[in-house]
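As you go down the protein sequences, you meet chains B and H in turn.
Residues in the first sequence are numbered from 0 upward in steps of one, following numbering that gives the first Met the number 0.
Residues in the second sequence are numbered from 0 upward in steps of one, following numbering that gives the first Met the number 0.
Reviewing the structure listed below.
2 protein chains.
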Amino acid sequence: MADMVYRVQDIICQKLAEFDDVEYREDIWEREEGGGGRSRVFSDGKVFEKAGVNVSVVYGTLSPQAAKSMGGGHVLGDEDLDFYATGLSLVLHPKNPMAPTVHANYRYFERGDGTKPGSWWFGGGADLTPSYLFEEDAIHFHQVHKDVCDRHEVADFPKFKQWCDDYFYIKHRGESRGLGGIFFDNINQASQDECFDFVEDCALSFLSSYIPILERTMNLDYTPEQKDWQQIRRGRYVEFNLVYDRGTTFGLTTNGRIESILMSLPLTSRWEYCHSPQEGSLESELLQVLKNPKDWV
Amino acid sequence: MADMVYRVQDIICQKLAEFDDVEYREDIWEREEGGGGRSRVFSDGKVFEKAGVNVSVVYGTLSPQAAKSMGGGHVLGDEDLDFYATGLSLVLHPKNPMAPTVHANYRYFERGDGTKPGSWWFGGGADLTPSYLFEEDAIHFHQVHKDVCDRHEVADFPKFKQWCDDYFYIKHRGESRGLGGIFFDNINQASQDECFDFVEDCALSFLSSYIPILERTMNLDYTPEQKDWQQIRRGRYVEFNLVYDRGTTFGLTTNGRIESILMSLPLTSRWEYCHSPQEGSLESELLQVLKNPKDWV
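Structure (structure tokens):
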């Protein structure tokens, strides 16, 4: 798994560097309690306002609090607090408000020595967060992920799609963070090899799910008002990540590398008091879909 | 208490309106489960990027989760989930990066019928969050609050100052949100009248603690780089409020009015990957104090 996420990080970063026409900054870091990672961040490029692609391979002993926010291994309770976790996590925030933000994450988790039932599992997913709705993009993104799921018996697209809608939900706003995609956790219902194959296939399909959308939207015209709306949507992104995201909570409570964890936050964001888009506007059209998630495929 | 916070809201808003040369927007709102409030927000004025002064008077039945995040009435446990809460809460974010953000909050809480020991208490405080350090401002702000505490037997400035430093601490950054001030909770060690007098004195002293600082700094010259630093500090403000602030958590889990709760967030904020100010710079001087809170008076 660790080999795979490093390899996929290389593939994805090479492609993004071509687009962005800029070198990424790389930081190789170590975690005092065990393990470390490799963060790569794009900024001031042609296409991305901020984009990060992180690998981490960490191990050690969980606090009971961190064990709770891990989102897996429910069967273990307070036993086996020793853990090993590795994953690839990326968040890309394009400059152009017509081009959607995307997030993806592929991870493997082990507690104790990984031999007890329920002591290892895979998780992951990918989801799309536009400021403006282009239905063809939503369909394309979901279709690629459905195709991946359909190739693996351990995967269940309708379930993972629903899980994504449920997970990336900003409860206090009554709206989804974005248009969803797939989300899965506690994947261990087949052999480790079969589970791994599915997660690897997801990771290798990321570029084909997102790059065509980026190419179509990254040079579209936009107004300053549309840029403001993007900034407001980025504020919602911040709200979700800091209030609800388990990965963020987990990182903040396990002495993770803060700059790598919060790399997911946008470069800039905006909170206008009582902002409400005009009825019938493009902005209000997006909100409708965020309040009523759709089946895109 | 409800009368007092409405009255002080009027006094403060009148003064801010003079400064900002703009009318505030007022929203009177009701909470489905009981009570409501009056929010006043300044935007697009001369001085403030965003400033809100809120009153809320809410009551109903707490969820056990909300009861836990209330930060008081520890003696009650899961009993007496009926509650009554009223308070004034304000956050002022000036445009000029030399002028500090300020927050203040004065509140009263009751559980059950308020007759059991520990079933009512006052809380509150005020704290200053500059992007640039002016020692004279830090001293003035703390001195005013020390003077208020010294006038009331129920108050203990050194304790409340320390409480403020401990509370407004961004654990994952290892730094304070700002320069502190006072923070207190569970105040019920004297009669209700004595406790109320102290909290009212705090509320009535707010303007004298902040306005002289604002007057001195709001028209100082600044560079675009200094504005960027202010935006980065605002990012930290967002991190504290969404990750740690109990008032925010309480509001988000009790179906509070979201726009009033999140009014505390700045208009705009910024997250640069691995931003680190130059050694010896003004920015680094501020960080030093945030990492090592000082006694200002």
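Heads up, the beta-carbon is just placed ideally off N, CA and C, and yes, glycines get one too.
Source: prediction; values computed, not measured.
- Between the region 139-159 of chain B and the region 182-199 of chain B, the count of C-beta pairs closer than 8 angstroms reaches three or more; the two stretches touch.
- The C-alpha of residue 241 of chain H lies about 29 angstroms from the C-alpha of residue 46 of chain B.
- At a cut-off of 9 angstroms, the C-beta of residue 267 of chain H has a neighbouring C-beta in chain B.
- In the three-state scheme derived from DSSP, where H, G and I count as helix and E and B as strand, residue 209 of chain H is classed as helix.
- In the DSSP annotation of this structure, residue 29 of chain H is not part of any alpha helix (DSSP H); the continuous beta strand (DSSP E) holding it starts and ends at 24-29.
- Between the alpha carbons of residue 131 of chain H and residue 97 of chain H lies a distance of about 6 angstroms.
- A straight line joining the alpha-carbon of residue 65 of chain H with that of residue 30 of chain H spans about 16 angstroms.
- Three or more beta-carbon pairs separated by less than 8 angstroms link the region 285-293 of chain B to the region 168-176 of chain B, which places the two stretches in contact.
- Between the region 137-146 of chain B and the region 114-121 of chain B, the count of C-beta pairs closer than 8 angstroms stays below three; the two stretches do not touch.
- The region 224-232 of chain B and the region 252-272 of chain B touch, with three or more beta-carbon pairs separated by less than 8 angstroms.
- At a cut-off of 9 angstroms, the C-beta of residue 264 of chain B has a neighbouring C-beta in chain H.
- Residue 186 of chain H has H:121 as its beta-bridge partners, per DSSP.
- Chain B places no beta carbon closer than 9 angstroms to that of residue 286 of chain H, leaving this residue out of the contacts.
- Those residues of the region 168-195 of chain B placed with their C-beta closer than 8 angstroms to a C-beta in chain H are 170, 171, 172, ordered along the chain.
- Sequence-distant partners of residue 43 of chain H (beyond 5 residues in either direction) whose C-beta falls short of 7 angstroms from its own C-beta, in its chain, are 21.
- Scanning H:48, H:32, H:167, H:110 for the CA closest to the CA of residue 243 of chain H turns up H:167.
- For the region 35-56 of chain H, the beta-carbon criterion of a distance under 9 angstroms to any beta-carbon of chain B is satisfied by 38, 40, 42, 49, 51.
- Between residue 179 of chain B and residue 126 of chain B the beta-carbon gap is near 5 angstroms, inside 8 angstroms, which marks them as a contact.
- Per the Cβ contact rule, the region 195-210 of chain H is in contact with the region 94-108 of chain H (3 or more Cβ pairs under 8 angstroms).
- Note that the region 25-41 of chain B touches the region 245-262 of chain B; at least 3 beta-carbon pairs, one per stretch, sit closer than 8 angstroms.
- Residues of the region 272-283 of chain H that bring their beta carbon within less than 8 angstroms of a beta carbon in chain B comprise 272, 273, in sequence order.
- Look at residue 132 of chain H: its C-beta is not under 9 angstroms from any C-beta on chain B.
- By the 16-neighbour rule on beta-carbons within 10 angstroms, residue 8 of chain B is buried.
- Sequence-distant Cβ neighbours of residue 164 of chain B in its own chain, meaning closer than 8 angstroms and more than five residues away, are 175, 179, 292.
- Closest option to residue 250 of chain H, judged by alpha-carbon separation, among H:62, H:187, H:10: H:62.
- A Cβ-Cβ separation of about 7 angstroms places residue 272 of chain H in contact with residue 49 of chain B under the 8 angstroms criterion.
- Partner residues in the beta bridge of residue 107 of chain H, as assigned by DSSP, are H:85, H:121.
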